[in-house]
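> The structure under discussion is supplied below as structure tokens; questions concerning it will follow.
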Amino acid sequence: MQQAHKVFRREVGNMILVKDIENLSLREKLIAALISLVCKKNAMPTFAKVIEAADCTTDEVFAYYIDIDIETLAFDTVDFIAHQLLAKLTEFNAQIKSLDADNPLLLSKAFLAFDNLVYQLFISNAGRTLLIIYAQYRDERRLKRYLSHVKNAIITEADKIMVKLTVVHNAQTYISRYFDAPICADISYLFISSRENNNFKLTESDKDN
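Structure, rendered in structure tokens:
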């Protein structure tokens, strides 16, 4: 298996995608690890090869996923992130439900808190990963509709809050500035490598080996 690892790395140099994880918690662990990796490299990695469980050994197990392609993994990752971000916005909206709309000072403080929340969401690993995947796949036939849907869902939640705070900003423009920011994609030589006690570990490979 170690020899196969080196061959894959030398010839295609990207990632190996192992398939058929049926356990949802394991999929979430993989996506969480992948989010960190995407942020580190400013790109969704490409997968060079799909291998079966029978081809893995206990000390060299490449991360397992369902038997699909990179677009589906990107879709699942975006779906995972979108739920997190939308939940935070919905929670904030609930917190300002009883805010006094006639108190400009409170409204101003609430908007500053909202502005900071949105900023923190988009600079978090999850938020940055969403923006990176959006930049990389927004024109891809299979993903562009869903990515547009996620963007619009975030805009809709932000608009609910901004209307409640009587803010003059346009939610479309306010959120789009994050999605439209230029991102330099640089897909590096990476592997999903080793699984210990069902904890996925993503590691950077040595380009020269």
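Converting from the sequence shown to our numbering requires adding 23 to each position, the first position being numbered 1.
Just so you know, even glycine gets a beta-carbon here, dropped at the ideal spot from N, CA and C.
Computed from a predicted model, the values in this text were never measured in an experiment.
Here's the rule: buried if 16 or more other CB atoms are within 10 angstroms of the residue's CB, otherwise exposed. What is residue 157?
As a working mapping, residue 157 is identified with position 134 in the sequence shown. Buried, since its Cβ has 16 or more Cβ neighbours within 10 Å.
> Rounding to the nearest angstrom, what Cα-Cα distance links residue 71 and residue 63 in this structure?
On the sequence shown, residue 71 is found 48 positions in, with the first residue counted as 1. On the sequence shown, residue 63 is found 40 positions in, with the first residue counted as 1. Low local confidence applies: a pLDDT of 43 at residue 71 is under 50, so the model's placement there is unreliable, and no value is given.
> Excluding five sequence neighbours on each side, which residues of the same chain lie with their C-beta closer than 8 Å to the C-beta of residue 180?
Your numbering for residue 180 matches position 157 in the sequence shown. Here the set comprises 109, 112, 113, 116.
> Exposed or buried, which one is residue 167 when buried takes at least 16 other CB atoms within 10 Å?
Locating residue 167 in the sequence shown gives position 144, counting from the first residue. Result: exposed.
> Taking the beta carbon of residue 200 as the centre, do at least 16 other beta carbons fall within 10 Å, making it buried, or is it exposed?
Reading the sequence shown from its first residue, position 177 is the one you call residue 200. When all chains shown are included, residue 200 counts as exposed.
> In or out: residue 142 buried (at least 16 other Cβ within 10 Å) or exposed?
Counted from its first residue, the sequence shown places residue 142 at position 119. Residue 142 is exposed by the Cβ-count criterion.
> In this structure, how does DSSP classify residue 192 when only helix, strand and coil are distinguished?
As a working note, residue 192 is residue 169 in the sequence shown. If DSSP states are grouped into helix, strand and coil, residue 192 belongs with coil.
> Quick check on the DSSP output: the alpha helix (DSSP H) that includes residue 177 runs from which residue to which?
Within the sequence shown, numbered from 1, the residue matching residue 177 stands at position 154. Run containing residue 177: 167 to 187, per the alpha helix (DSSP H) assignment.
> When you compare each of 159, 202, 195 to residue 94 by their alpha carbons, which one comes out closest?
Here residue 94 corresponds to residue number 71 of the sequence shown, with the count starting at 1. Ranking the options by Cα distance to residue 94, first place goes to 159.
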